[in-house]
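Numbering (my numbering), first residue to last: 249 to 408.
Even glycine gets a Cβ: it sits at the ideal position worked out from N, Cα and C.
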Amino acid sequence: MQPTPASVSFDLNGAAVSEQVPPATLLAALLRDRLGMKSVRLGCGEGVCGSCSILVDGRSMRSCLMLAAQADGTSITTVEGYAARPDLATVQAAFVEGFGAQCGFCTSGMMATVAEYLADGSVSDHGDPVTIRSALNAVACRCTGYQQIVRLVAGLAGER
Ligand code: FES
Ligand code: FES
């Protein structure tokens, strides 16, 4: 017997989405494969690399560890929606202008992580390189060596 599909409704980049999905559907699969959010990138698929991270209610979440049904009632932002949000557009622009990506595979997850970090009211000094590096530990990047990203995040912190 087929399991009963789950209904899931959420805001995706400012637009209302309602879908019926098999209950075991991962949020990453719903976003990328059905809804066309190609910025959502699956690396390890088991919560380690961070490349699949997206913003869920402003928090960076690993979409490979969330069921689609768990997103019901949330507000989701992927990189496809950054341009419409001034706070996120500046993050995206900083990655471009500050050479924050090489192959780009981790970059969506990295930007979600940086956006959450910059909005985190519990951080007293967003420009502190040690604090920035600690936040960036959430995403594995095999290309950049992180230095450019640390620099651009410090620059963003200085502008805010
Ligand atoms: S693909 Fe989700 S953490 Fe690696
Ligand atoms: S830019 Fe290639 S893995 Fe980060």
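Which residues bound the alpha helix (DSSP H) around A337? One-based indexing of the sequence shown puts residue 337 at position 89. Boundaries of the alpha helix (DSSP H) harbouring A337: 334-345, taken from the DSSP string.
Which partner residues of Q268 appear in the DSSP bridge assignment? Taking the sequence shown and counting its residues from 1, the one referred to as residue 268 is at position 20. According to DSSP, which records beta bridges pairwise, Q268 is partnered with S255.
Classify F347 as buried or exposed, calling it buried when 16 or more other Cβ atoms lie within 10 Å of its own Cβ. Locating residue 347 in the sequence shown gives position 99, counting from the first residue. The Cβ neighbour count for F347, taken over all protein chains shown within 10 Å, is under 16; the residue is labelled exposed.
Quick check: is any heavy atom of ligand 2 less than 6 Å from the C-beta of F353? Residue mapping note: residue 353 aligns to position 105 of the sequence shown, counting from 1. The answer is yes for F353.
Is any heavy atom of ligand 1 found at a distance shorter than 6 Å from the C-beta of L409? Nothing about residue 409 can be read from this structure; the chain reaches only from 249 to 408.
Quick check: the Cα distance between T379 and A360, rounded to an integer number of angstroms? For the purposes of this step, residue 379 is taken as residue 131 along the sequence shown, with counting starting at 1. For the purposes of this step, residue 360 is taken as residue 112 along the sequence shown, with counting starting at 1. Going by the C-alpha atoms only, they are around 16 Å apart.
S382: first and last residue of the uninterrupted alpha helix (DSSP H) it sits in: Counting from one through the sequence shown, the residue named residue 382 turns up at place 134. S382 -> alpha helix (DSSP H) spans 377-384.
Beta-carbon proximity check, C297 vs A388, cutoff 7 Å: The count along the sequence shown starts at 1 and reaches residue 297 at position 49. The count along the sequence shown starts at 1 and reaches residue 388 at position 140. Cβ atoms of C297 and A388: closer than 7 Å.
Does the distance between the C-beta of T322 and the nearest non-hydrogen atom of ligand 2 fall short of 6 Å? Stepping through the sequence shown from its first residue, residue 322 is reached at position 74. Of the heavy atoms belonging to ligand 2, none sits nearer than 6 Å to the Cβ of T322.
Can you tell me whether E407 is buried or exposed? The criterion is at least 16 other CB atoms within 10 Å of its CB, across all chains shown. Here residue 407 refers to the residue found at position 159 of the sequence shown. Note on E407: under 16 other CB atoms within 10 angstroms of its CB, so exposed under the neighbour-count rule.
Going by DSSP in three states, V398 sits in which element: helix, strand or coil? Against the sequence shown, residue 398 aligns to sequence position 150. In the structure shown, V398 adopts helical secondary structure according to DSSP, grouped into three states.
Just to confirm, does C391 get its C-beta within under 6 Å of one of the non-hydrogen atoms of ligand 1? Here residue 391 is taken as the residue at index 143 of the sequence shown, counted from 1. For C391, the shortest C-beta to heavy atom distance toward ligand 1 is 6 Å or greater.
Would R289 and S356 be called neighbours here (beta carbons separated by less than 7 Å)? Locating residue 289 in the sequence shown gives position 41, where the first residue counts as 1. Locating residue 356 in the sequence shown gives position 108, where the first residue counts as 1. Contact annotation: R289 and S356 have beta-carbon atoms nearer than 7 Å.
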